[in-house]
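**Q** Residue numbers (the numbering used here), protein chains in the order written: chain A, 133 to 339; chain B, 133 to 339; chain C, 133 to 339; chain D, 133 to 339. Every residue, glycine too, gets a C-beta built ideally from N, C-alpha and C. First the structure, then my questions, so here it is.
Number of protein chains: 4
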Amino acid sequence: MQVKKEEVKNALLLEAEKEFMQYGFEKASIRRIVKKAGTTIGNFYNYFENKEALFSELVDDEYKAFMYFVNSHNQQGEPEVLLDTLDAGQLREVLNQFVGTLIPVFSQKLFLLTSRSEGTKYENTKSIVLNVITEHYLEHIRELNSNNGDNKEIADVVGHSFLEGLLYIIEKYTDEKLRQRLINEHILFYFLGTMAVLGDSNREKPC
Amino acid sequence: MQVKKEEVKNALLLEAEKEFMQYGFEKASIRRIVKKAGTTIGNFYNYFENKEALFSELVDDEYKAFMYFVNSHNQQGEPEVLLDTLDAGQLREVLNQFVGTLIPVFSQKLFLLTSRSEGTKYENTKSIVLNVITEHYLEHIRELNSNNGDNKEIADVVGHSFLEGLLYIIEKYTDEKLRQRLINEHILFYFLGTMAVLGDSNREKPC
Amino acid sequence: MQVKKEEVKNALLLEAEKEFMQYGFEKASIRRIVKKAGTTIGNFYNYFENKEALFSELVDDEYKAFMYFVNSHNQQGEPEVLLDTLDAGQLREVLNQFVGTLIPVFSQKLFLLTSRSEGTKYENTKSIVLNVITEHYLEHIRELNSNNGDNKEIADVVGHSFLEGLLYIIEKYTDEKLRQRLINEHILFYFLGTMAVLGDSNREKPC
Amino acid sequence: MQVKKEEVKNALLLEAEKEFMQYGFEKASIRRIVKKAGTTIGNFYNYFENKEALFSELVDDEYKAFMYFVNSHNQQGEPEVLLDTLDAGQLREVLNQFVGTLIPVFSQKLFLLTSRSEGTKYENTKSIVLNVITEHYLEHIRELNSNNGDNKEIADVVGHSFLEGLLYIIEKYTDEKLRQRLINEHILFYFLGTMAVLGDSNREKPC
DNA sequence: AATGAATGAGGGTTCATTCAT
DNA sequence: AATGAATGAACCCTCATTCAT
């Protein structure tokens, strides 16, 4: 009656991921997970130390990779060329390549980490990411705009909206190509939107 | 020894709102609510039929008002003047007046309705709102852009980001003036962003 | 179907005391307790915050009283007259009065505190008591005996034996008169035993 | 890859003894034992039928030896010479030889048998031993004292204290020399204490 | 001999809700 | 109106033991 170990573990991980996606960490039920995975509660604890260890096994690699990305990205920055044009078509092309390299980062696991992790040690991930985005955003607009006195809250809101949009894409659109296109457009939207809001006062319309 | 009915009910509603804001409907605990409200579990059920009725009492008026607003807004539309200019400064002024009339709509209760209602009959509110926004958005870009073949998903993402930003403002920034300014900027950002993304191919740069 | 609150609580306390006496804190089962007390698990938590709070309610007064006794006793000491004679009959009389004043201290609860409290915050009570007894014992024999170099371990053993005997009386003999007599004899035994062991070298046989 | 059978078994016995010493039979965890012994739960059951069989293997020889000792000791008795003197110094010497012969009996296993066996078939060992001691004690004082009417409970208490002291030495003091010295002093204490309590009425002070 | 997967009962605890007082 | 006692299901988790491999 025994099944090979990996099968059960994979079934547990698979059902757990669904359960966490649907309910979040705290409302997820181990009883439901093991039932759907076709095993028993007792057996669950042969595979995972506890509920949080199960969650960790799902997201920890992603978490580390993402933190590594965040740190290295901070130093490296994005393509300079972005700042050379406001033409949507050209930007799309540049972004497409750039985002292509980031695709592994924007996995479903990132959604678990940021939006379904309440009650775990990862529960601050979203605010960490938000801080990074906000800082990043503020740096950019400081370059363009001198009077940055009261932009903190705006950056907070823009960063939050941007992040939620990104996470929404990751959660909902699993087809890889579509996802990449949507991420492209999403970033493009925020880039052009920012330029448009700030731009009028900064740039000479050169025609 | 009796306290006037309204006082108790108000205390319950007050603490319930905080509890639902913090935990969401399902993780909210009636025991905690009554304790903080200074009454007892038994008495709670003299005022409310059950947990969901309590939630309803907090949000139902808002829900109806919002649905009414959504429906009437669909017919009435927003200020035409928005379409006449892309100057951020002028748009700000117009928006400021427009948003001023909407402020009552963007209350904390709307946040409860959309983001803390899982497990209640209101749990679909966010997707309803999202649909409205998305439809709205699609209509606008259809006016501006002929090839609207595959914009549905983009509209979905833009709508979602926009909505999440709006809800974030409502949740986090309670000072009325700041909130209105942030909402203004938020709408402006989306308006200009949309124009910028679409605009290059549609508008003659008239200089 | 409801019973007056105090009845249920008392039933719970009564059965809990039996359960803790028989099994100790950790092996005691709340399910068994509530079953014997004629109520349900859910209801148990209307009366007590958790298992340890139940234990505390049984022993905390006793714990405080005992600690107070220990501290004040340290300063006050026992009857001087004990040191004036080695006649068992006389000592019995003196001890009888002395022990009479201590009877409330030597309750069944003290047994719970020292011998059934593993896993609770009281689990160190026995070693505290043992330290007090040992220190006390060492002081006495230092008065009588100059070469106290290596008596620490002996005092430890004597103290432990004495304490275990005392707790055994408390646990097993519930009749108050018998208990007092046994405590008397117990103390007497340790007093005379100590004198006998040390005495040969210290006292002039005065005949 | 296989380890020799005896090594595994010995490792299990070793860790089991520690575990039983620390937690007692019922709270001991086979999972912890096998982990510390470097093997697995499944393999454990190749060596021992179940948890109780493991405990038995640790203590059964000791149990039988002790029971044999108890029975033969009952017939044989202790050195007559003990009764000839009350001088502590002389008694120490006699006892030292006597106790030396008993040392194997007073092993750590005896502690397991009496104080960590709850839940096993050995759980009555302590009360058996206590009965033996008590009977023994009563016989002695009957020789010395005619009015033995109500000494049963006192013997019970004295026996218990004596036994607990002995077991405490065995548990805590593992250095062989120190242990023997403490056992000597312990027996001496009880011998002299008993004499002192009874003695006044029985012996002529011969000076 | 060795592994660890599998089981099911039981551990303490929280919950929304009902209802007698 | 107010109290809180009562219920039972569900929560996460640990346990000794069995057994297929």
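With distance defined between alpha-carbon atoms, name the residue in B:ALA185, B:THR252, B:LEU144 and B:GLN154 nearest to GLY170 of chain B.
**A** B:LEU144
**Q** Hey, is TYR269 of chain B's beta-carbon within less than 7 Å of any beta-carbon in chain A?
**A** no
**Q** Using only the alpha-carbon positions, how far apart do GLU139 of chain D and LYS150 of chain D sit?
**A** 17 Å
**Q** On a Cα-Cα basis, can you pick out the residue from C:PHE201, C:GLY156, C:VAL290 and C:ASN178 that is closest to ILE319 of chain C?
**A** C:VAL290
**Q** Any contact between the stretch 293-302 of chain D and the stretch 240-248 of chain D? By contact I mean 3 or more CB pairs, one from each, below 8 Å.
**A** yes
**Q** Which of helix, strand or coil does DSSP assign to TYR254 of chain D?
**A** coil
**Q** For the candidate residues C:GLU225, C:PRO236 and C:PHE230, whose alpha-carbon lies nearest to that of TYR200 of chain C?
**A** C:PRO236
**Q** Does DSSP put THR172 of chain B in a helix, in a strand, or in coil?
**A** coil
**Q** With THR246 of chain D as the anchor, note down where its alpha helix (DSSP H) starts and where it stops.
**A** 240-247
**Q** Decide if ARG311 of chain C is buried, meaning its Cβ has at least 16 other Cβ atoms within 10 Å, or exposed.
**A** Looking at its Cβ environment, which holds 16 or more other Cβ atoms inside 10 Å, ARG311 of chain C is buried.
**Q** Is the number of C-beta pairs between the stretch 260-277 of chain B and the stretch 216-233 of chain B that are closer than 8 Å three or more?
**A** Not touching, per the Cβ criterion.
**Q** Contact criterion: CB-CB distance below 7 Å. Does GLU285 of chain A meet it with respect to chain B?
**A** Using a Cβ-Cβ cut-off of 7 Å, GLU285 of chain A counts as an interface residue toward chain B, since at least one Cβ of chain B sits closer than that to its own.
**Q** Are the stretch 319-330 of chain C and the stretch 320-328 of chain D in contact at 8 Å, needing three or more beta carbon pairs?
**A** Taking 8 Å as the limit for Cβ pairs, the verdict is that the stretch 320-328 of chain D does touch the stretch 319-330 of chain C.
**Q** Just to make sure I have the definition right: I need the residues of chain B whose C-beta is within less than 7 Å of the C-beta of VAL329 of chain A. Which are they?
**A** ALA220, LEU320, PHE321 and LEU324
**Q** HIS292 of chain A versus chain B: which residues are under 8 Å apart at the beta carbon?
**A** GLU296, GLY297 and TYR300
**Q** Do you know how far the Cα of PHE187 of chain A is from the Cα of LYS337 of chain B?
**A** Any answer about LYS337 of chain B is weak, because its pLDDT of 41 lies below 50 and its placement is not dependable; what the coordinates show is given next. Whole-angstrom Cα-Cα distance: 53 Å.
**Q** I'd like to check one pair, LEU314 of chain B with ILE301 of chain B: are the Cβ atoms closer than 7 Å?
**A** yes
**Q** From TYR195 of chain D to GLU181 of chain D, what distance separates their C-alpha atoms?
**A** 19 Å
**Q** Does any residue of chain B have a CB that is nearer than 7 Å to the CB of VAL264 of chain A?
**A** So, not an interface residue.
**Q** For ASN316 of chain D, which three-state DSSP category applies?
**A** In this structure, ASN316 of chain D counts as helix in the three-state DSSP scheme.
**Q** What three-state label does DSSP hand TYR179 of chain B in the structure shown?
**A** helix
**Q** In chain order, what residues of the same chain lie with their CB nearer than 8 Å to the CB of PHE152 of chain B, ignoring the 5 residues before and after it?
**A** ALA160, PHE187, LEU190, LEU244 and ARG248
**Q** Please determine, among B:LYS241, B:GLU250, B:GLN229 and B:ASN256, the residue with the shortest C-alpha to C-alpha distance to THR306 of chain B.
**A** B:LYS241
**Q** So which of B:ASN203, B:THR233 and B:GLY156 has the shortest CA-CA distance to GLU250 of chain A?
**A** B:GLY156
**Q** What does a CB cutoff of less than 7 Å around PHE389 of chain C pick up in its chain, not counting 5 residues either side in sequence?
**A** The structure shown has nothing for residue 389 of chain C, since chain C only spans 133 to 339.
**Q** Rounded to the nearest angstrom, what separates ASN316 of chain D and GLU317 of chain C at their Cα positions?
**A** 23 Å
**Q** Leaving out five residues before and five after THR129 of chain C in sequence, what residues of the same chain have Cβ atoms less than 8 Å from its Cβ?
**A** Absent from the model: residue 129 of chain C. The displayed extent of chain C is 133 to 339, so no value can be given.
**Q** For GLU275 of chain D and PHE321 of chain D, I'd like the C-alpha separation in whole angstroms.
**A** 19 Å
**Q** Within the 7 Å Cβ cut-off, does GLU336 of chain B reach chain A?
**A** Since pLDDT at GLU336 of chain B reaches only 41, below the 50 mark, its modelled position is unreliable, and no value is offered.
**Q** Considering ASP307 of chain C, what are the terminal residues of the alpha helix (DSSP H) in which it resides?
**A** Neither: ASP307 of chain C is in no alpha helix (DSSP H) and is coded neither H nor E.
**Q** What did DSSP end up calling ASP193 of chain D once you bin it into helix, strand or coil?
**A** helix
**Q** Could you check whether GLU184 of chain C and ALA252 of chain C sit closer than 7 Å to each other, using their CB atoms as the reference points?
**A** One detail in the question is off: residue 252 of chain C reads as Thr in this sequence, not Ala. Closer than 7 Å, so yes.
**Q** Apply the 10 Å Cβ neighbour rule to CYS339 of chain C and answer buried if 16 or more other Cβ atoms are within range, or exposed otherwise.
**A** Low local confidence applies: a pLDDT of 38 at CYS339 of chain C is under 50, so the model's placement there is unreliable, with the coordinate-based value given in what follows. CYS339 of chain C is exposed by the Cβ-count criterion.
**Q** So which residues on chain A does GLU158 of chain B lean against when the C-beta distance must stay under 8 Å?
**A** LYS159
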